[in-house]
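Participant: Following this message is one structure expressed as structure tokens.
Residue numbers (our numbering): 76 to 149.
Here it is, written out as structure tokens:
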């Protein structure tokens, strides 16, 4: 796994990948395919939504509660 903002890290990962033999690539590709089969677009969307639910306003009121109170004023 490489941070895409780390240019030196990306360059090093690409250098290692390009230098791999077919025998080295096979297990790496299998690992990557297993991860990608579980962590698809739906998994990523769920992760983002869960993170959003954890966000709170400076007042400490969760955003979803604040939105709900605006939609249904008492």
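Glycine residues also receive a C-beta, built at the ideal position from the N, C-alpha and C atoms.
The alpha helix (DSSP H) spanning residue 96 covers which residue range?
Facilitator: Segment: none, residue 96 is in no alpha helix (DSSP H) and carries neither H nor E.
Participant: Which residues bound the alpha helix (DSSP H) around residue 123?
Facilitator: 116-129
Participant: Could you tell me the distance, in whole angstroms, from the CA atom of residue 116 to the CA atom of residue 79?
Facilitator: If you draw a straight line from the Cα of residue 116 to the Cα of residue 79, it is about 19 Å long.
Participant: Just how far apart, CA to CA, sit residue 194 and residue 86?
Facilitator: Examination of residue 194 is not possible in this model, given that the chain is present from 76 through 149 alone.
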